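Numbering of the sequence shown is given in this note's numbering, commencing with residue 450 and proceeding in unit increments.
Note that CB positions come from ideal geometry on N, CA and C, so glycine has one too.
Here the structure is a predicted model, which means the values were calculated and not measured.
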Amino acid sequence: MSPDFVRRMSAPVPRYTSYPTAAQFRNTVGERDFAEALLELEDETPFSLYVHVPFCKKLCWYCGCNMKVARTKEPVVRYFAALEAELRAVAALGLSKHKISYMHWGGGSPNILTGEQILALTARIRDSFEIDASAEFAVEIDPREASASLAHALKRAGVNRVSIGVQDFDHTVQTAINRLQSFEVTSACVDSLRDAGIDNINVDLVYGLPLQTRSGIERTVEQVLALQPNRVTLFGYAHLPSRFAHQSIIDATTLPDSVERFAQSQRAARMLAAAGYVRIGLDHFALKNDPLARGPVRRNFQGYTTDTSETLVGVGPSAISCVGSAYFQNVSSPAEYEERIAATGLATTRGVKLTDEDRVRRYVIAKLMCDFSYSESNVRERFGAAASRVILEGREMVEADIAGLLEKVEDGFVVTPRGQPFVRSIAACFDTYLGSDMRCAPAV
């Protein structure tokens with residue numbers, strides 16, 4: 450591919466972990482709307498539970514998460530009490546009648562919680578809700594703060610999958626992003642998890658970081674392969690200092706350009722494929738015997754997942770829920786979150802209610818992001834007349850494609866191997882909200 454083509458296709462677009470994206474959330478949607486949506490859930494509807502732990506002990510300059518540095522125990526203790534209160538509140542809104550089919554704790558760094566707090570929080574959740582016996586319970590951890598006792602606490606809590614942030618093992622890159630983490634520390638963390646009986650290990654990598662090179666990416670992937678994780682994610686760094694002020698610490702002149710980013714991502718992807726990992730969607734890789742490789746696959750705020758539930762309830766600061774035909778987000782500030790929970794038990798601050806056309810576009814974008822395919826008959830069968838405009842747009846896209854990104858088939862189109870790295874840009878063609886005022890990451 451020519452450098453000019455890569456640059457053109459790498460223009461910033463959303464990651465499409467939802468549609469409409471969070472950029473369309475408005476404060477006209479609030480706590481009452483969220484409460485009503487929970488109460489209107491049909492009986493026996495399973496749901497996924499996301500728990501956001503917003504604290505880390507140290508600030509990584511590249512971070513794009515909603516997080517705060519906690520230098521003492523007090524903020525975590527206050528948050529923990531508020532989180533328990535929010536769990537009681539959503540359970541009282543009828544959610545206790547529904548079964549958890551999937552659970553994920555993210556952050557921040559969930560392992561800023563002590564082993565005792567992890568066990569206590571899990572007990573609170575089990576007291577409030579029934580958890581399906583086959584449910585996946587995944588937790589993100591910072592290996593720099595891990596230990597054998599933490600691994601055993603996670604196992605006792607019922608955790609059966611752990612995601613470990615690596616980003617890059619190159620010391621120069623780690624210094625540039627303020628995250629020093631040796632291979633030895635990471636390997637010891639993986640060993641302690643497996644010794645405790647947690648065998649499902651995910652590793653997160655990031656390309657496009659300051660001072661990162663293709664040769665450095667190669668060395669990092671080789672080291673990751675030595676850890677034998679079940680899954681690997683390969684994310685592109687999003688440099689958005691206007692949204693995340695601490696990213697301004699990073700010297701923007703040290704960031705790889707779009708052509709180098711693309712080369713880094715493709716080199717890492719080829720190495721993972723050669724090692725036997727199956728590519729899932731845009732940026733996930735899984736061993737052939739992993740459930741993610743067997744499918745079916747969905748895309749939500751945690752990326753690609755085997756979670757089949759259409760209902761997601763998020764608790765904690767900034768957590769997002771998807772209930773019915775609406776998205777709801779909690780207030781981001783831990784202090785304001787605690788105040789809102791103390792006052793009403795809920796902390797919903799904004800969201801969006803989907804129109805019929807939004808629902809069509811969400812389905813089409815999700816199919817592209819997960820399966821690289823678009824079927825007219827499936828869209829028409831699911832949505833009827835509401836899909837007319839989208840179907841017309843799909844036909845026009847195929848006719849207008851002169852770059853070989855799409856292949857026309859009898860019932861729609863598929864994204865070609867040439868187009869798959871740019872699927873976010875292809876999906877963006879169905880996004881009626883996309884505008885120049887949106888702050889997004891590069892498409893590759």
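| request: Verify whether the separation of the beta carbon atoms of Ser596 and Tyr551 is less than 8 angstroms. | output: As a first step, residue 596 is located in the sequence shown; it is residue number 147 there, counting from the start. As a first step, residue 551 is located in the sequence shown; it is residue number 102 there, counting from the start. No, the Cβ-Cβ distance between Ser596 and Tyr551 is not below 8 angstroms.
| With 16 as the cutoff for other CB atoms within 10 Å, does Glu787 come out buried or exposed? | Taking the sequence shown and counting its residues from 1, one reaches residue 787 at position 338. Result: buried.
| query | What separation, rounded to the nearest whole angstrom, lies between the Cα atoms of His607 and Asn738? | reply | Sequence index remark: in the sequence shown, residue 607 carries index 158 (1-based). Sequence index remark: in the sequence shown, residue 738 carries index 289 (1-based). A quick correction: the sequence has Gly, not His, at residue 607. Gly607 and Asn738: Cα-Cα distance of roughly 22 angstroms.
| field | Inter-residue Cα distance where the pair is His601 and Leu642 | value | Walking along the sequence shown from the start, residue 601 turns up at place 152. Walking along the sequence shown from the start, residue 642 turns up at place 193. Each residue's Cα considered, the two are about 8 angstroms apart.
| message | Using only CA atoms, which one of Pro495, Met516, Val655 and Tyr499 lies nearest to Cys505? | response | For the purposes of this step, residue 505 is identified with residue 56 of the sequence shown, where counting begins at 1. Nearest option by C-alpha distance: Met516.
| Would you call Leu841 buried or exposed, if buried means 16 or more other Cβ atoms sit within 10 Å of its Cβ? | Translated into positions along the sequence shown, residue 841 becomes position 392. By the neighbour-count rule (16 or more Cβ atoms within 10 Å), Leu841 is not buried but exposed.
| query | Which two residues bound the contiguous beta strand (DSSP E) that contains Ala587? | reply | As a first step, residue 587 is located in the sequence shown; it is residue number 138 there, counting from the start. First-last of the beta strand (DSSP E) with Ala587: Glu579 to Ile590.
| request: Check the DSSP bridge columns for Arg710 and list the partner residues they point to. | output: The residue labelled residue 710 in the question sits at position 261 within the sequence shown. Beta-bridge pairing links Arg710 to no other residue.
| DSSP three-state call for Ser545: helix, strand or coil? | Here residue 545 corresponds to residue number 96 of the sequence shown, with the count starting at 1. The answer is helix: DSSP assigns Ser545 an H, G or I state.
| field | Bridge partners - Ser612, DSSP secondary structure assignment | value | Along the sequence shown, one-based indexing puts residue 612 at 163. Beta-bridge pairing links Ser612 to Glu589 and Asn651.
| Between Lys604, Ala472 and Asp581, which lies nearest to Val588 when the distance is taken from Cα to Cα? | For the purposes of this step, residue 588 is identified with residue 139 of the sequence shown, where counting begins at 1. The candidate whose alpha carbon is nearest that of Val588 is Lys604.
| task | Please report how far the alpha carbon of His547 lies from the alpha carbon of Thr494, in whole angstroms. | result | Residue mapping note: residue 547 aligns to position 98 of the sequence shown, counting from 1. Residue mapping note: residue 494 aligns to position 45 of the sequence shown, counting from 1. Each residue's alpha carbon lies about 6 angstroms from the other.
| task | From the DSSP output, read off the bridge partner residues of Gly752. | result | Taking the sequence shown and counting its residues from 1, the one referred to as residue 752 is at position 303. Per DSSP, Asn749.
| request: Along the alpha helix (DSSP H) that carries Phe483, what are the first and last residues, could you check? | output: Locating residue 483 in the sequence shown gives position 34, counting from the first residue. For Phe483, the enclosing alpha helix (DSSP H) stretches over residues Glu480 to Leu488.
| task | Mark Pro452 as exposed unless 16 or more other C-beta atoms lie within 10 angstroms of its C-beta, in which case mark it buried. | result | For this step, residue 452 is matched to residue 3 along the sequence shown. Classification of Pro452: exposed, given that the 10 Å Cβ count is below 16.
| query | In three-state terms, what does DSSP make of Glu785? | reply | Counting from one through the sequence shown, the residue named residue 785 turns up at place 336. Glu785: helix per DSSP, three-state reduction.
| message | Less than 8 angstroms between the beta carbons of Val801 and Val839, yes or no? | response | Position 352 of the sequence shown, counted from the first residue, corresponds to residue 801. Position 390 of the sequence shown, counted from the first residue, corresponds to residue 839. Going by C-beta atoms, Val801 is not nearer than 8 angstroms to Val839.
| query | What does Glu856 pair with, by DSSP beta-bridge criteria? | reply | Translated into the one-based positions of the sequence shown, residue 856 becomes position 407. Paired residue(s): Val863.
| task | Could you spell out where the beta strand (DSSP E) holding Thr797 opens and where it closes? | result | Residue numbering aside, residue 797 sits at position 348 when the sequence shown is read from its first letter. Thr797 to Lys802 is the extent of the beta strand (DSSP E) around Thr797.
| query | Pairing CB atoms from the region 530-546 with CB atoms from the region 720-738, are three or more of them under 8 angstroms? | reply | No contact exists between the region 530-546 and the region 720-738.
| query | Quick one: complete alpha helix (DSSP H) runs, 4+ long, within the region 552-577? | reply | 564-577
| task | Give every residue of the same chain whose Cβ lies closer than 7 angstroms to the Cβ of Thr793, excluding the five residues on either side of it in the sequence, and list them in chain order. | result | On the sequence shown, residue 793 is found 344 positions in, with the first residue counted as 1. Cβ-Cβ distances below 7 angstroms link Thr793 to Glu480 in the same chain, with the five nearest sequence neighbours on each side left out; the list follows chain order.
| Is Pro503 closer than 8 angstroms to Gly557 when the C-beta atoms are compared? | The residue you call residue 557 lines up with position 108 of the sequence shown. The residue you call residue 503 lines up with position 54 of the sequence shown. It is a contact, given that the beta carbons lie within the stated cut-off.
| Which value, in whole angstroms, describes the spacing of the CA atoms of His695 and Arg593? | By one-based count along the sequence shown, residue 695 stands at place 246. By one-based count along the sequence shown, residue 593 stands at place 144. His695 and Arg593: Cα-Cα distance of roughly 21 angstroms.
| Contacts around Phe586, its chain only, beta-carbon distance under 6 angstroms, and the 5 residues preceding and following it disregarded | Counting from one through the sequence shown, the residue named residue 586 turns up at place 137. Around Phe586: Met552, Gly607, Val608 and Asn609.
| Exposed or buried, what is Asp880 when buried is set at 16 or more other beta-carbons lying within 10 Å of its beta-carbon? | Counting from 1 along the sequence shown, the entry for residue 880 is found at position 431. Asp880 is buried by the Cβ-count criterion.
| DSSP beta-bridge partners of Ala735 | As a first step, residue 735 must be located in the sequence shown, where it is residue number 286. Arg680 and Val727, per the DSSP bridge assignment.
| field | Residue(s) in a DSSP beta bridge with Ala775 | value | Here the question's residue 775 lines up with position 326 in the sequence shown. When beta bridges are read from the DSSP output, Ala775 appears opposite Val772 and Lys802.
| message | Going by C-alpha to C-alpha distance, which of Ala540, Val863, Phe832 and Ser697 sits closest to Asp807? | response | For the purposes of this step, residue 807 is taken as the residue at position 358 of the sequence shown. Nearest of Ala540, Val863, Phe832 and Ser697 to Asp807, Cα basis: Phe832.
| said: By the DSSP assignment, the alpha helix (DSSP H) with Leu603 in it spans what residues? | reply: The count along the sequence shown starts at 1 and reaches residue 603 at position 154. Start and end: Ala597 to Ala606.
| request: Could you round the C-beta distance between Ala484 and Leu795 to whole angstroms and report it? I think they count as a contact, below 8 angstroms. | output: By one-based count along the sequence shown, residue 484 stands at place 35. By one-based count along the sequence shown, residue 795 stands at place 346. Sure, about 7 angstroms apart at Cβ, within 8 angstroms.
| query | Cα-Cα, which of Ser824, Asp653, Gln630 and Leu542 is closest to Asn679? | reply | For the purposes of this step, residue 679 is taken as the residue at position 230 of the sequence shown. For the residues Ser824, Asp653, Gln630 and Leu542, the minimum Cα distance to Asn679 belongs to Asp653.
| query | In whole angstroms, what separates the C-alpha of Ser767 from that of Leu689? | reply | Reading the sequence shown from its first residue, position 318 is the one you call residue 767. Reading the sequence shown from its first residue, position 240 is the one you call residue 689. About 18 angstroms.
| field | Expected contact under 8 angstroms - CB spacing of Pro891 and Arg710 to nearest Å | value | The count along the sequence shown starts at 1 and reaches residue 891 at position 442. The count along the sequence shown starts at 1 and reaches residue 710 at position 261. The beta-carbon distance between Pro891 and Arg710, rounded to whole angstroms, is 7 angstroms. This is short enough to meet the 8 angstroms contact definition.
| field | Between the CA atoms of Leu658 and Met720 - distance to the nearest angstrom | value | The residue labelled residue 720 in the question sits at position 271 within the sequence shown. The residue labelled residue 658 in the question sits at position 209 within the sequence shown. Distance between the alpha carbons of Met720 and Leu658: 19 angstroms.
| query | At which residues does the beta strand (DSSP E) containing Gly843 begin and terminate? | reply | For the purposes of this step, residue 843 is taken as the residue at position 394 of the sequence shown. Premise fails: Gly843 lies in the alpha helix (DSSP H), Ser837 to Ala849, not in any beta strand (DSSP E).
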